[in-house]
Structure formats: structure tokens, C-alpha cells
Amino acid sequence: MNVKPLSDRVLILPNPAEEKTAGGLIIPDTAKEKPLAGKVVAVGPGTSEVKMEVKVGDQVLYGKYAGQEIQIEGESYLIMKQNDILAII
Numbered sequence: 001m002n003v004k005p006l007s008d009r010v011l012i013l014p015n016p017a018e019e020k021t022a023g024g025l026i027i028p029d030t031a032k033e034k035p036l037a038g039k040v041v042a043v044g045p046g047t048s049e050v051k052m053e054v055k056v057g058d059q060v061l062y063g064k065y066a067g068q069e070i071q072i073e074g075e076s077y078l079i080m081k082q083n084d085i086l087a088i089i
């Protein structure tokens, strides 16, 4: 994959959605929550106003409605601005 985000954008590979509940019940695809955490796989250069604080490999938390979902080589990713990221974990 050769994707380089522009400006202060970040490409994230979301963590997989939970397959089972804590009690062992299988969650159907239609009821799965969108993951709110993922791994940073590419980072833009930033701007003169925004210094990039995340780096490739960071595990991050982001808002429920953050980012735009895109498909690259059959894999789902999110691309979002750095300010949509809530925390590095």
C-alpha cells in the first residue's frame, strides 16, 4: 500500500469489531458497534499551523463519527484530520 495523507490527515486501520459479548453470545454483523480505536498506518506532513503529534504505529482513540471510510486493496480504513483523534493509547 502506498498512501500518503495530505496536510494534517491520518490514515487509520480500525481495530476489529467485537465478535462476542462478555457472556459469550455471538454479535450479528448488523448489531456490531463501529470500533472507536485503531492503528495509525500513515500520517500527513502537517501544516504551518498544525504540528503532527501522532506517528505510524500509534494506537489511537477517535470519535464515533470521525473520519471517512475508504477501501484500499480490499481492506477498510478511516482517513481523518488529526484533531478528530481523541487520544493515543
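Counting in UniProt numbering, the sequence shown runs from 1 upward without gaps.
Even for Gly, the Cβ is constructed at its ideal location relative to N, Cα and C.
Bear in mind that the values here come from a model prediction, so they are computed numbers and not experimental data.
Taking a contact as a CB-CB distance under 8 Å, the pair LEU86 and TYR62 counts as one, their CB atoms being some 6 Å apart.
When the five nearest sequence neighbours on each side are left out, the beta carbons in the same chain lying within less than 8 Å of the beta carbon of PRO5 are those of LEU11, ALA42, VAL43, GLY44 and ILE79, in order along the chain. Secondary structure note for GLN59: its beta strand (DSSP E) is the uninterrupted segment 59 to 62. Beta-bridge analysis with DSSP links LEU86 to no other residue.
Taking all protein chains shown into account, VAL56 has fewer than 16 neighbouring C-beta atoms within 10 Å of its C-beta and is therefore exposed. The three-state reading of DSSP puts ALA66 in coil, since its state is none of H, G, I, E or B.
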